[in-house]
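Here's the structure, in structure tokens; my notes come after.
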Amino acid sequence: MKKRGETYRQWCDPILHHQTHEQTLDDGTCLDVQTRLSRTGATQLFIGVYDADGNVVCEQIYDQRPGETMTRALMWGVGHARQLAAQGKEAQVGRSGLAARANTGR
């Protein structure tokens, strides 16, 4: 079970249409990537990386992915989540977690 961080709680809005990609890596790391259209029509992205115990390694929100469809943003997000997971392994994932918010995906 994932132990969601504050970043996810800021993101969560079950009313908005969204697409989700969840993946568990060989070491138990869980990737959770979600994309949605905001109420104003902007493509938004959430990336969550959780360790095998469900603790937050990293959660990021992108308020806008200008010029990208939901599908394209989701594909980019999955690749970025894999990079974040690899970086977390290199850093021996002993930290309390990283939360970030970005204005654009660039």
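All letters in the sequence shown, in the order written, are residues 1 to 106 by this note's numbering.
Even glycine gets a Cβ: it sits at the ideal position worked out from N, Cα and C.
Since this is a predicted model, take the numbers as computed values, not measurements.
Point to revise | Per DSSP, the bridge partner or partners of Leu-37 | key: By one-based count along the sequence shown, residue 37 stands at place 37. Leu-37 is bridged to Thr-43.
**Study point:** DSSP state of Thr-7 mapped onto helix, strand, coil
**Key:** Taking the sequence shown and counting its residues from 1, the one referred to as residue 7 is at position 7. Correct three-state label for Thr-7: helix.
Practice item. Take Asp-53 as the anchor and find which of Ser-38, Asp-27, Gln-87 has the nearest alpha-carbon. Key: Counted from its first residue, the sequence shown places residue 53 at position 53. Nearest C-alpha to Asp-53: Asp-27.
Check your understanding: Between the C-alpha atoms of Ser-38 and Arg-82, what's the straight-line distance to the nearest angstrom?
Key -> One-based indexing of the sequence shown puts residue 38 at position 38. One-based indexing of the sequence shown puts residue 82 at position 82. So the two alpha carbons sit approximately 25 Å from each other.
Exercise for review: Going by DSSP, name the residue or residues bridged to Gln-23.
Suggested key: Residue mapping note: residue 23 aligns to position 23 of the sequence shown, counting from 1. Partner(s): Leu-31.
Check your understanding: Does the distance from the CB of Ala-85 to the CB of Thr-35 come in under 7 Å?
Key -> Here residue 85 corresponds to residue number 85 of the sequence shown, with the count starting at 1. Here residue 35 corresponds to residue number 35 of the sequence shown, with the count starting at 1. Not in contact: Ala-85 and Thr-35 (Cβ atoms no closer than 7 Å).
Exercise for review: Please list, in chain order, all residues of the same chain as Glu-22 whose beta carbon is under 6 Å from its beta carbon, the five residues on each side excluded.
Suggested key: As a first step, residue 22 must be located in the sequence shown, where it is residue number 22. Excluding positions up to five away in sequence, the list reads Asp-32.
Review point. How is the beta strand (DSSP E) around Gln-60 delimited, first residue to last?
Key: For the purposes of this step, residue 60 is taken as residue 60 along the sequence shown, with counting starting at 1. Run containing Gln-60: 56–62, per the beta strand (DSSP E) assignment.
Check your understanding: Below 7 Å between beta carbons: does that hold for Lys-2 and Tyr-62?
Key -> Locating residue 2 in the sequence shown gives position 2, where the first residue counts as 1. Locating residue 62 in the sequence shown gives position 62, where the first residue counts as 1. Not a contact, by the Cβ cut-off of 7 Å.
Point to revise | Where His-80 sits in the DSSP three-state scheme | key: In the sequence shown, residue 80 corresponds to position 80, counting from 1. Three-state DSSP puts His-80 in a helix.
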